[in-house]
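S.K.: Residue numbers (the numbering used here), protein chains in the order written: chain A, 1 to 170; chain B, 1001 to 1170; chain C, 2001 to 2170; chain D, 3001 to 3170.
All C-beta atoms, glycine included, are put in the ideal place defined by N, C-alpha and C.
There are 4 protein chains.
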Amino acid sequence: MKDVHETFMNGENLKQKCIEMLHDRGCEVDDIIDIVFDLQKKYIPNLKREVCWDAVDRVLGKREVQYAILTGIELDYLAEEEKLREPLQSLVNSDNPLFGIDEILVLSICNLYGSIGLTNFGYVDKVKPGIIGKLDLEGKQTGKCHTFLDDIIGAIAAAAASSVAHNSHD
Amino acid sequence: MKDVHETFMNGENLKQKCIEMLHDRGCEVDDIIDIVFDLQKKYIPNLKREVCWDAVDRVLGKREVQYAILTGIELDYLAEEEKLREPLQSLVNSDNPLFGIDEILVLSICNLYGSIGLTNFGYVDKVKPGIIGKLDLEGKQTGKCHTFLDDIIGAIAAAAASSVAHNSHD
Amino acid sequence: MKDVHETFMNGENLKQKCIEMLHDRGCEVDDIIDIVFDLQKKYIPNLKREVCWDAVDRVLGKREVQYAILTGIELDYLAEEEKLREPLQSLVNSDNPLFGIDEILVLSICNLYGSIGLTNFGYVDKVKPGIIGKLDLEGKQTGKCHTFLDDIIGAIAAAAASSVAHNSHD
Amino acid sequence: MKDVHETFMNGENLKQKCIEMLHDRGCEVDDIIDIVFDLQKKYIPNLKREVCWDAVDRVLGKREVQYAILTGIELDYLAEEEKLREPLQSLVNSDNPLFGIDEILVLSICNLYGSIGLTNFGYVDKVKPGIIGKLDLEGKQTGKCHTFLDDIIGAIAAAAASSVAHNSHD
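#1: The alpha helix (DSSP H) spanning Phe-3121(D) covers which residue range?
#2: Given Asn-1093(B), which residues of its chain have a CB within under 6 Å of its CB, disregarding the five upstream and five downstream residues?
#3: Can you check which of these residues, Lys-2015(C), Lys-2042(C), Pro-2045(C), is closest to Val-2056(C) by C-alpha distance?
#4: Do Tyr-3113(D) and Ala-3159(D) come within 8 Å of each other at the CB atom, strictly closer than that value?
#5: Kindly list the residues whose CB is nearer than 7 Å to the CB of Gly-1154(B), restricted to its own chain and excluding five residues on each side of it in sequence; keep chain order.
#6: Using only CA atoms, which one of Val-51(A), Phe-148(A), Leu-22(A) lies nearest to Asp-102(A)?
#7: Going along the chain, which unbroken runs of the alpha helix (DSSP H) with 4 or more residues stay wholly within the stretch 3129 to 3162 of chain D?
#8: Taking His-1166(B) as the query, report the chain A residues whose CB atoms sit under 8 Å from its CB, ordered along the chain.
#9: What does the alpha-carbon distance come out to for the pair Leu-3070(D) and Glu-1138(B)?
#10: Would you list, in chain order, the members of the stretch 70 to 97 of chain A that have their beta-carbon closer than 8 Å to a beta-carbon of chain B?
#11: Could you list which residues in chain C have their beta carbon closer than 7 Å to that of Glu-64(A), in chain order?
#12: Quick one: which chain B residues come within Cβ less than 7 Å of Lys-119(A)?
#13: Is Ile-3109(D) near Ile-3156(D), with beta carbons less than 8 Å apart?
#14: What three-state label does DSSP hand Tyr-2067(C) in the structure shown?
#15: Cβ of Gly-130(A) within 8 Å of Cβ of Ile-35(A)?
#16: Report the start-end ranges of each alpha helix (DSSP H) in the stretch 2031 to 2111 of chain C that is 4 residues or longer and not cut off at the edges.
#17: Looking at the C-beta of Val-1004(B), does it have a partner C-beta in chain D at a distance below 8 Å?
#18: What is the C-beta distance between Leu-98(A) and Ala-1165(B), in whole angstroms, given that I count them as a contact (C-beta under 8 Å)?
#19: With Phe-2037(C) and Cys-2018(C) assumed to form a contact (beta carbons below 8 Å), what rounded beta-carbon distance in angstroms separates them?
#20: In whole angstroms, what separates the C-alpha of Tyr-1043(B) from that of Asn-1167(B)?
#21: Just to confirm, are Cys-27(A) and Leu-107(A) a CB contact at a threshold of 8 Å?
#22: Between which residues of its own chain and Leu-3091(D) is the CB-CB distance below 7 Å, once the five residues before and five after are set aside?
#23: If you run the structure through DSSP and keep just helix, strand and coil, what is Gly-3011(D)?
#24: Check Glu-1020(B) in the structure and name its three-state DSSP category.
#25: Could you round the C-beta distance between Arg-58(A) and Ser-162(A) to whole angstroms and report it? I think they count as a contact, below 8 Å.
#26: What separation, rounded to the nearest whole angstrom, lies between the Cα atoms of Asp-2054(C) and Lys-2128(C)?
#27: Name the residues in the stretch 3032 to 3043 of chain D whose C-beta lies less than 7 Å from a C-beta of chain C; which are they?
#28: Kindly list the residues whose CB is nearer than 7 Å to the CB of Leu-75(A), restricted to its own chain and excluding five residues on each side of it in sequence; keep chain order.
#29: Pull up the distance between the alpha-carbon of Arg-3025(D) and that of Tyr-3077(D), whole angstroms please.
#30: Cβ of Ile-104(A) within 8 Å of Cβ of Ile-2152(C)?
#31: Could you have a look at Lys-3002(D) and say whether DSSP puts it in helix, strand or coil?
#32: Taking all protein chains shown into account, do 16 or more other C-beta atoms lie within 10 angstroms of the C-beta of Pro-1045(B), making it buried, or fewer, making it exposed?
#33: Identify each residue in the stretch 1138 to 1156 of chain B for which the Cβ-Cβ distance to at least one residue of chain C is less than 9 Å, and report them in chain order.
#34: Taking the C-alpha atoms as reference points, what is the distance between Gly-2011(C) and Glu-1082(B)?
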């Protein structure tokens, strides 16, 4: 088991693993870049997509982000496979709005580049732009659970948008 | 000095003091109730205004909220009076979007009733409904500073909305 | 599935369920009271155990605490049963000090009664008094995993200690 | 006023300004490095002081850290000069343990490198090693206030220690 562990502990490998996991759950890096671009284009008129890509890539390279992705997507998988004990199984599977553990789990992602990340996350979590709205709907179908996934994506987008905002002012 | 301190340390007195301070800065409790009602009426069709009033009142009764109000409004006053040292004076006075200390200061208010508070705060901070938008505009005038005030109001409304959401599910 | 869910959504039932889960994992409510008492007795000379008991009871009655207990203990169980996908399985099972998701999960517990909770949690997490140290050691044995449990207990104790501190000053 | 502002908005200038402010309040960068070294040497036997210096330097280069330093030290100055309105003046001046705004203000510093920062901060805040204990005592004298300063130093040390921990595992 140690070897498997060591293999993934390398940051670059773990980033690739996380990008694959997001892909397997229906979210491409491009979908996240779309949200970041939409969040920031009103503040930065000549914003380039590459700048957003770069920010998302840096966020995905952070260890705390990778661990939150691993943990959150695992809980979504387990809920789909009905392998969680009750009442957690029902709480996760129904995406109960008071559950709140999904938002807590991604707090460290939002906080990566200061407090603007939190504001962006709150906004994205309520408005559900692009892929987030699509996955939110899909998660309501039987056998599908995206309770943690949509918060993970929202938090990555929010953190990347904050990073773009900070850099545009330097 | 001790006596002055003791007088205000009583929770009920301090709540009244905070309501007066908000009033002096241009925000009535009713303005905050408006935001809470708007945030929650889409989720609770038969929502009553009294329920929102009660929630705002409970939030204003919390010590951590009172201390955040005292500190934030003081910094706004000092910025208006140009009594802060540079570069803080300019950062607060211009409501620099990367300053972030205003959002940090109110985090403990948002967190009072679980993580929905954070989401609500992020949304309100971006959309600036009602009194928040009005004060935000007013704060851009010479001699006026509402850098901390709008976040304080947003956080109180967000926490009260979370409390309403929790209670409606019990 | 709905029925099971409804049964537990009642706050009092869910509190009992959580107390049983903690017991099954080796932690009694009394063990948590011990930590709270030790944390606060240096500040409150005539501190009574009942006051600490009452505070722990109130913390366990909070929904966000109950959901964190359900989620964290589930992840410990799944790690013991080797049912998590790699590399999460190894990260949780080895209680990797950089994993950090265990500390994040309990943040909302620590924050229940203001920022003293955070300070208390940080201290308890490093010093590992009483049951926390015992479970930390036990978790290092093959087939045992208490990665999330010790942070949950530390956070409950920290929040209860903050509540005791606040009340003693009112 | 704009010019003054622009001058300091440059990251490197602002870092130097913050180091001077810490010096003027009685804390050298070396004092912070001492705490970081002590926090991490038990985990990393061959830890070098340069590594800790580098981590503290990187923390001091972050904008959210610089803004927290500017704001916190300003409030300490204003309390010493008795320029805050009551009851804030008494709350800050007496370093009231339930005030909590000082801990909140530095949360974004603690969170810079993941959740270990929070644990380190909680520990340091309770144990008060080195310069923190010295300033805490000094702040209790008439005319002196270090209510925010000791939390700022603790948070910088905690964040730097987390950075050292992360890097030693890569």
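M.R.: If we stick to the structure as given:
#1: Within the fourth sequence, numbered from 1, the residue matching residue 3121(D) stands at position 121. That run of the alpha helix (DSSP H) goes 3116 to 3127.
#2: Taking the second sequence and counting its residues from 1, one reaches residue 1093(B) at position 93. Closer than 6 Å at Cβ, skipping near neighbours: Ala-1079, Cys-1145.
#3: To locate residue 2056(C), count along the third sequence from 1; it is residue 56. Val-2056(C) has its Cα closest to that of Lys-2015(C), out of Lys-2015(C), Lys-2042(C), Pro-2045(C).
#4: Position 159 of the fourth sequence, counting from 1, holds the residue named residue 3159(D). Position 113 of the fourth sequence, counting from 1, holds the residue named residue 3113(D). In this structure, Ala-3159(D) lies near Tyr-3113(D), with their beta-carbon atoms less than 8 Å apart.
#5: Within the second sequence, the letter at position 154 stands for residue 1154(B). So the list reads Phe-1121, Val-1124, Asp-1125, Ile-1132, once near-sequence residues are dropped.
#6: Here residue 102(A) corresponds to residue number 102 of the first sequence, with the count starting at 1. For Asp-102(A), the nearest C-alpha among the options comes from Phe-148(A).
#7: Complete alpha helix (DSSP H) runs here, min 4: 3130 to 3139.
#8: In the second sequence, residue 1166(B) corresponds to position 166, counting from 1. Going along chain A in sequence order, the residues near His-1166(B) (Cβ under 8 Å) are Leu-98.
#9: The count along the fourth sequence starts at 1 and reaches residue 3070(D) at position 70. The count along the second sequence starts at 1 and reaches residue 1138(B) at position 138. Going from the Cα of Leu-3070(D) to the Cα of Glu-1138(B) covers about 25 Å.
#10: The stretch 70 to 97 of chain A vs chain B, Cβ under 8 Å: Pro-97.
#11: The sequence position of residue 64(A) within the first sequence is 64, counting from 1. For Glu-64(A), the neighbours in chain C by C-beta distance under 7 Å run, in chain order, Gly-2100.
#12: Sequence index remark: in the first sequence, residue 119(A) carries index 119 (1-based). With the sequence shown as reference, residue 119(A) is identified as Thr, and Lys is not the correct amino acid for it. Chain-order list of chain B residues neighbouring Thr-119(A): Glu-1103, Gly-1122, Asp-1125, Lys-1126, by C-beta distance under 7 Å.
#13: Within the fourth sequence, numbered from 1, the residue matching residue 3109(D) stands at position 109. Within the fourth sequence, numbered from 1, the residue matching residue 3156(D) stands at position 156. Against a cut-off of 8 Å, the Cβ pair of Ile-3156(D) and Ile-3109(D) comes out as a contact.
#14: Reading the third sequence from its first residue, position 67 is the one you call residue 2067(C). DSSP places Tyr-2067(C) in helix when its eight states are reduced to three.
#15: Sequence index remark: in the first sequence, residue 130(A) carries index 130 (1-based). Sequence index remark: in the first sequence, residue 35(A) carries index 35 (1-based). The answer is yes: Cβ separation under 8 Å.
#16: You should have 2049 to 2060, 2063 to 2080, 2088 to 2093, 2101 to 2105, 2107 to 2110.
#17: Position 4 of the second sequence, counted from the start, is the residue given in the question as residue 1004(B). Note that Val-1004(B) scores a pLDDT of 47, beneath 50, so its modelled location is shaky; the value from the coordinates is reported in the next line. For Val-1004(B), the answer is yes, since a Cβ of chain D falls inside 8 Å of its Cβ.
#18: Taking the first residue of the first sequence as position 1, residue 98(A) is located at position 98. Taking the first residue of the second sequence as position 1, residue 1165(B) is located at position 165. Yes, Leu-98(A) and Ala-1165(B) are in contact; Cβ-Cβ is about 7 Å, under 8 Å.
#19: Residue numbering aside, residue 2037(C) sits at position 37 when the third sequence is read from its first letter. Residue numbering aside, residue 2018(C) sits at position 18 when the third sequence is read from its first letter. That pair is no contact at about 21 Å.
#20: Counting from one through the second sequence, the residue named residue 1043(B) turns up at place 43. Counting from one through the second sequence, the residue named residue 1167(B) turns up at place 167. The C-alpha of Asn-1167(B) is placed about 12 Å away from the C-alpha of Tyr-1043(B).
#21: Locating residue 27(A) in the first sequence gives position 27, counting from the first residue. Locating residue 107(A) in the first sequence gives position 107, counting from the first residue. No.
#22: Locating residue 3091(D) in the fourth sequence gives position 91, where the first residue counts as 1. Apart from sequence neighbours up to five positions away, the residues of its chain that approach Leu-3091(D) with a beta-carbon distance below 7 Å are Phe-3099, ordered along the chain.
#23: The residue labelled residue 3011(D) in the question sits at position 11 within the fourth sequence. Helix at Gly-3011(D).
#24: For the purposes of this step, residue 1020(B) is identified with residue 20 of the second sequence, where counting begins at 1. In the structure shown, Glu-1020(B) sits in a helix (DSSP, three-state: H, G or I).
#25: Counted from its first residue, the first sequence places residue 58(A) at position 58. Counted from its first residue, the first sequence places residue 162(A) at position 162. That pair is no contact at about 11 Å.
#26: Residue mapping note: residue 2054(C) aligns to position 54 of the third sequence, counting from 1. Residue mapping note: residue 2128(C) aligns to position 128 of the third sequence, counting from 1. The straight-line gap from Cα to Cα measures roughly 22 Å.
#27: Going along the stretch 3032 to 3043 of chain D in chain order, one finds no residue with a Cβ nearer than 7 Å to chain C.
#28: One-based indexing of the first sequence puts residue 75(A) at position 75. Scanning its chain for C-beta atoms nearer than 7 Å, with the 5 sequence neighbours on each side dropped, one finds around Leu-75(A) the residues Val-92, Phe-148, in chain order.
#29: Within the fourth sequence, numbered from 1, the residue matching residue 3025(D) stands at position 25. Within the fourth sequence, numbered from 1, the residue matching residue 3077(D) stands at position 77. One C-alpha to the other measures close to 9 Å.
#30: Reading the first sequence from its first residue, position 104 is the one you call residue 104(A). Reading the third sequence from its first residue, position 152 is the one you call residue 2152(C). It is not a contact, given that the beta carbons lie outside the stated cut-off.
#31: Reading the fourth sequence from its first residue, position 2 is the one you call residue 3002(D). With a pLDDT of 44 at Lys-3002(D), under the threshold of 50, the modelled position of this residue cannot be trusted; read the value that follows with caution. Lys-3002(D): helix per DSSP, three-state reduction.
#32: Position 45 of the second sequence, counted from the first residue, corresponds to residue 1045(B). Exposed is the call here.
#33: Cβ proximity to chain C below 9 Å picks out nothing from the stretch 1138 to 1156 of chain B.
#34: Reading the third sequence from its first residue, position 11 is the one you call residue 2011(C). Reading the second sequence from its first residue, position 82 is the one you call residue 1082(B). For Gly-2011(C) and Glu-1082(B), the distance between alpha carbons rounds to 51 Å.
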